[in-house]
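Chains as they are written, first to last, in our numbering: chain A, 1 to 1067; chain B, 1 to 181; chain C, 1 to 224; chain D, 1 to 482.
Glycine is no exception: its CB is placed at the ideal position from the N, C-alpha and C atoms.
Remember, it's a predicted structure, so these values are computed and weren't measured experimentally.
Just below is one structure, and these are the notes that go with it.
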């Protein structure tokens, strides 16, 4: 019994700096009042030396090696339990708290719910209560949590480079303000997003400085003025639309904030009462929307206009609509460039569903095309039905960024405030903003005040650099796409003492820098006009959004065509490409957007949904064009247009339009960021000019004889004739005719099927021996509906955030060692390996939790075994890493820690420094994101999807806590779900207790479409896939393509052969 | 050599395996018991010639092997069936799944038998025995090369220094020598 | 004299064998005894910043465990009380007891008291207090007779094997939920019954009634 | 040893020369001569070539060990494996070396039981080779695990977890099989060595040599009361090793056969692997012995053309068995009509439709293992040392590729096309493999230097003089000279 002398350990500044109690986080009245209260309940507990709380999860490493022999006692490190001296209200150590908030974005705010552990936000999810998004959370929402903890975030106030105190800046700002006068020398460059409070402050400032210029710039925003009039935006109603024609509009991907996915998906469920909708897509590259299409046609982005006209002609012929006629006047004659019958039938379908159809034109298409789109909708009588208008006061750009550049040069501006954005990096190339700003600061003696998340390209050229607070650190408000009024509340005090945009604007408007929510509360009072403020306000914070009616800009406005624009719209559409000229399409990247998320490791490592490229961007090109130019993946090319040129590797993508290059923006950043700040991808902004913000017709492409290593997470996209086994697909009519058509396809055709009232239910499994009983009351299972999975990959990031999955860097991904527990397999499928017009099909792939799992029996140390509730569990601390289990897994879902991915840093260009000699340990902030309920795995152990076992255990425990001395410890149906299912924007993933008939998963599983992968192996997986159902138009030329790849092939045989050739849809 | 030394026995050399065999038969017929032949390799028929039966080494090996099998059975069953049963690959623990353990049964059986063979051999041959009186006779070295020897110990009741010497010489043994202990 | 080795050398093998047996035996024995938590953890009693006497507070003052460890029933952690909780009483009682200096100091400065952690499970083992105390597993089962300790020490080995003993036959530990914090509780003993038997009888009844089925095969019960 | 009694009379019946047995030891050498020639290898000063060879091999061995340390300290990631191809060179090398490790025990055990007397002059070296090969093999499964320092979990010892290894895992069977095989081989080898060590002891001039050999000779004095048990022990060990040698590679093959992966999941594996092992093992024995024979001309009469000829025959036989196995796999894949199996064998391995990423390795294997040994149908080829050596080299390469084909091609392209992944080895991986050759050769050089390369006492038995009924005038060569 060893008596040990106790020494207080020195308190580490480091740890203290980040620690914020939940109470402090909203420095709220409650918190202060608590201080006076006499006997506050509660305490939060710090354990271990106070930097690394137990919940900060020291890596398993040493302690495990020791514990192996129960050695730890011999050299037991002295750990301390460090309770608060004063308890903190409603903080229970080790219990997560959930707060509703939202994330402003130029496409509309995202309603969110954030989980915080002991004051650390760790996980972001959608707000289930919100009527539009209904809890769906796109990739960018999921990944935002990592931005918060990005160690490379701007930490300091800087005056022309040198570090200063915030107070200095405040006084300097005061000085500056004196010189503003009427604001004639004052300019604000802001980002377009809606925030009532910001609008209020801007109004105040406009009053104070009437002459001040307000410019909003978004390199990836709409390029044309709104066609329904200033400040009016059109909102698609997918719940109403039966037939949708998307002209280069990726509403499931980058062109919407993501809220619409669920609305759309609801119409894609074959069993939906209203029946399935039908989606036609014309686009130059595969987008998520194109992947979901029933009929897709490859059209060069520059020809979308012409294509719209072709459709319009057909519609005009049918409807004789006057506006449409006006719009088409003088339009170029039909070139016959487009498959005539495709256009005809599509148009016919639109006309046939007048008032229930919907035509969407990509927001980046030129105005004329937008107008034609509007005219089409008008002609089809969709306005106000499937397309409703709403007023969005967000846009207050009086002067364009071009004009601003001119004024900077002319010296008419004295002080320029750049709030967010990054013009030096992404302003139109022809403005040469960098030198303009440099000159402005140096020669013109102007002052540039910059508020930004990172000290980036623009900061380097600014007089004042102000660190910007993350939305999770600030009070604020915003509006969702549908105009509903969302709250933004802080989860934690600014880690690096940053300011929010509101703080800065408030100062300029002459207020104090707000301490708490005052500003927003004022706005709230004005906007919502509540009877009882306190109640309304706390409800606002609790729900995360204000009840409909109140102040939210949801009141629909009349959508009317603008006659002025209408006339001659047809003339203005882009001309056809010259023979063997190329078009270049500059698109927003699915991951880093305009480049703002370049330093987010999760996003960099997340494979692009379509190309599966990670840690890079590339010029996407069609197979035939590639052959024509003699290009292979990774070959560097030089794309030049009007003396501007960039170098970039090409990547061949099936289904891409010919003579068209798609280049995602936002890469090739050149600031200090360690993840994506240097040497990741190629910057395409040099090609983005005022004239060519999106489309560049007639660019020249030159092949350089160099290669650039591109890394993909999926090397092989062809289905290899295994569609009948792996990816079962059919048409709606086929499904209606024979609902269980998907059961006995491929090898399962040979199996013996149990039937219930004439319908196949499941394969009869004959076994030599009786299996040990899985005798827990709960039995976990999952279903994945291939009909609604869009492949957005939100589940991958959600899983990464929930399960502490490390990123491994470009080099390691190149080796094929990425760690994602769930992946979205993307196949380009077609009957014959036709790479020009294939179907794009997604299949989320995760551990199938096989009841007789092949991985288990081969593990020599019993590190992976089965639990009574049907999980294939993995005990990391038992694993010795033989990798035998991974080899024997037919789905290859097991992931191995080839290196200590959690122990060493990712450095420039996403290179993981695995070498022993490289510095050890991760950033403190990065540790703060980790989920305390999941072990952080060490080098040399296998890991895989656990069905979020930490959530299962939590649910079980809370059920038991309630049960006390009763036996009612069964978890109620759908009490919780896995991270992937929770995140899925289209509810394609359902998880739950399959032994509970009430649970939604058991209901979905009952569907006749359900099938299991590789049934013939008899592994009895616990994941059921629901066959992909499409709703093609039988009259369309390409109707036969649907399900072609999964036609019961040679080995299929059986009675279903005949039936499965149906291609008919329901109309 | 020093006279006061104790006598171990008398050794004689023969010049071929055949001669040795015949000599051994004679010695056997003379009812000598405490004697032995030393040869560079086992001579076929020598056991008979010396009146020795079949080696009984196999008995301990059998026992060893049996113990091995038993150990394996306990080692595999007791933990995975009783101490710590787990659900692995949906396979039950009952006699039907016994074959999964056969490899380990087999290996341990062989291992144990091999060890018992070697240890039994050492014990039965009383090896290692680094010191032995016959080594005092220098010529015996050839026994590991190409020499063939008979050594009759003095512990033998029929041993008499003179008679035995004559007897061996009579058998055609050369270099008949008195071996000191 | 052609013998390479002296006569004595013949006894070497025997000696070596004996020697090995003795050494091997003692090493194994030593290992088994000294390198297990039973030896290394049990009895671990570091000096605390404040010599908090559980016996006084529980036995004499008659406080319930949950007055200080207030979250044990709702959270995975059983929290250590904040200074404030101490001061609730010690503002009046023992106001100027020198032993409590550290507490008062912490109360003044707001600097936390740094207690030395005694009971610790490895990072990869997720023990949940609420799951146990709400289902009739008493504090005493894992912490020993802590209410009689003038200063807390490590009473049980807390090894995985030790946990499993109870997870496989929970009836050994189950008791009525309201008796969980009553560390002196004994099962009602019928005549002719030993306490152990009584415990087993009651335990198995409770196990049946409450449907107690602790994870014994399910690694994920404790390791995630 | 009992056969002489039958052989001798046959000789007395004046066997016609063409039927006469070619003697195993040519030129009617005397027992002393044998002792002398074999012992002098150890006793004389080491030749220059030995030092050169040693100075080449030992650094390579050292490099190998450095690679191992490097890999353990940095992680398995320093190899080229990925999420799909979890095993590659590591297990390939393991199986390759284990296979080689079969020849020795086979020669000394099975040929012993089948009374193949010609084995006597090669078994010692072959057994030594076995041990060293197993040492090399053992390295890989040990270091391929992600957490080397936790490998003790494999041992079924009581621990504070109260948890045990999974006795149904083929990998655990491997642990038992390989360790048993190594231990038993060592015992067998040492038992055989004892009489020869005694010989060396008695011939030794220097006191140190005498002492060391003396200690290991255990005081052997060649007395018949010892020989009697000794022979029985040797017989029993041979009897135990025979099933053992067959079991080891069967168990190794279970690693694959019990899995569900197309290309692994094959019932033909155990016999196929054993045949392959003997095949590769004999090739390696010859690759080693032929040069050794050149260097030590004095043992010409012990390792004769007849030995080489016999071993070449065995290579031909086993090679053909292996070839049969290859074809049978293809047939079953076709006959089974399972698309996944079909793909693995016809597309991935044969490379039909140009879909086999590693098809080339399959053809390398086919040529080396099946085509090249067919040369041995020709007698002149079997007895032509150069030809034999070249073919053996091919076989060594081929057998390595066989394992590569089985492991990598099956893994790289398995069930879900989405998880297909190319694999290429890293430098560390390659150097580690090269290193094991260094270790192997270094050990063998040391063996040649310090231990009798040929089992003298056993060779003596097969000489005519050993036969107690031997009469000079009816010695075999006398008969042949008629």
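In the three-state scheme derived from DSSP, where H, G and I count as helix and E and B as strand, residue 589 of chain A is classed as strand. Segment contact: the segment 250 to 258 of chain D against the segment 326 to 333 of chain D, fewer than three CB-CB distances shorter than 8 Å; contact not assigned.
Only exposed fits residue 51 of chain D, as fewer than 16 other CB atoms lie within 10 angstroms of its CB.
Cβ contact annotation for residue 119 of chain C (same chain, cutoff 8 Å, sequence separation greater than five): 142, 143, 154, 158, in chain order. At a cut-off of 8 Å between C-beta atoms, residue 150 of chain B does not count as an interface residue with respect to chain A.
The segment 332 to 345 of chain A makes contact with the segment 302 to 311 of chain A, as at least three CB pairs between them are under 8 Å. Distance from residue 641 of chain A to residue 699 of chain A at the Cβ level is roughly 4 Å; contact confirmed, criterion being Cβ atoms closer than 8 Å.
With respect to residue 366 of chain A, residue 232 of chain A sits apart: the two C-beta atoms are not nearer than 8 Å.
Sequence-distant Cβ neighbours of residue 124 of chain B in its own chain, meaning closer than 6 Å and more than five residues away, do not exist here.
The beta carbon of residue 419 of chain D is closer than 6 Å to those of 84 in its chain, skipping five residues each way along the sequence. Classified as exposed, residue 832 of chain A has fewer than 16 neighbouring CB atoms from the shown chains inside 10 Å of its CB. Apart from sequence neighbours up to five positions away, the residues of its chain that approach residue 753 of chain A with a beta-carbon distance below 8 Å are 743, 744, 760, 761, 762, 763, 764, ordered along the chain.
It is roughly 28 Å from the alpha-carbon of residue 440 of chain D to the alpha-carbon of residue 153 of chain D. In the structure shown, the three-state DSSP call for residue 753 of chain A is strand. Contacts between residue 114 of chain B and chain D, judged by CB atoms closer than 9 Å, involve 180, 183, 184, 187, 188, 236, 237, 240, 241, 244 in chain order. A direct Cα-Cα distance of roughly 7 Å separates residue 735 of chain A from residue 1029 of chain A.
Within a 10 Å sphere around the beta-carbon of residue 702 of chain A sit fewer than 16 other beta-carbons, which makes this residue exposed.
Within the model, the alpha-carbon separation for residue 132 of chain B versus residue 7 of chain C is close to 8 Å. Measuring C-alpha to C-alpha distances from residue 317 of chain A to each of A:351, A:299, A:656 identifies A:351 as the nearest. Contact between residue 24 of chain D and residue 462 of chain D holds: CB atoms are separated by about 5 Å, below the 8 Å threshold. The segment 130 to 138 of chain C makes contact with the segment 951 to 962 of chain A, as at least three CB pairs between them are under 8 Å.
Beta-bridge partners of residue 667 of chain A (DSSP): none assigned. Under the DSSP assignment, residue 178 of chain B falls outside any alpha helix (DSSP H), being part of the beta strand (DSSP E) whose first and last residues are 174 to 180. Neighbourhood of residue 5 of chain C in chain D, by CB distance below 9 Å: 211, 214, 215, 219, in chain order.
The residues 389, 392, 393, 396, in chain order, have a CB closer than 8 Å to that of residue 287 of chain D in the same chain once the five nearest residues on each side in sequence are set aside. In the three-state scheme derived from DSSP, where H, G and I count as helix and E and B as strand, residue 357 of chain A is classed as strand. A straight-line Cα-Cα distance of about 11 Å links residue 157 of chain D and residue 32 of chain C.
The continuous stretches of beta strand (DSSP E) do not include residue 331 of chain A, and DSSP gives it neither H nor E.
In the three-state reduction of the DSSP assignment, residue 210 of chain D falls in the helix class, which pools H, G and I. Shown here, residue 727 of chain A sits in coil according to DSSP, grouped into three states, outside any helix or strand.
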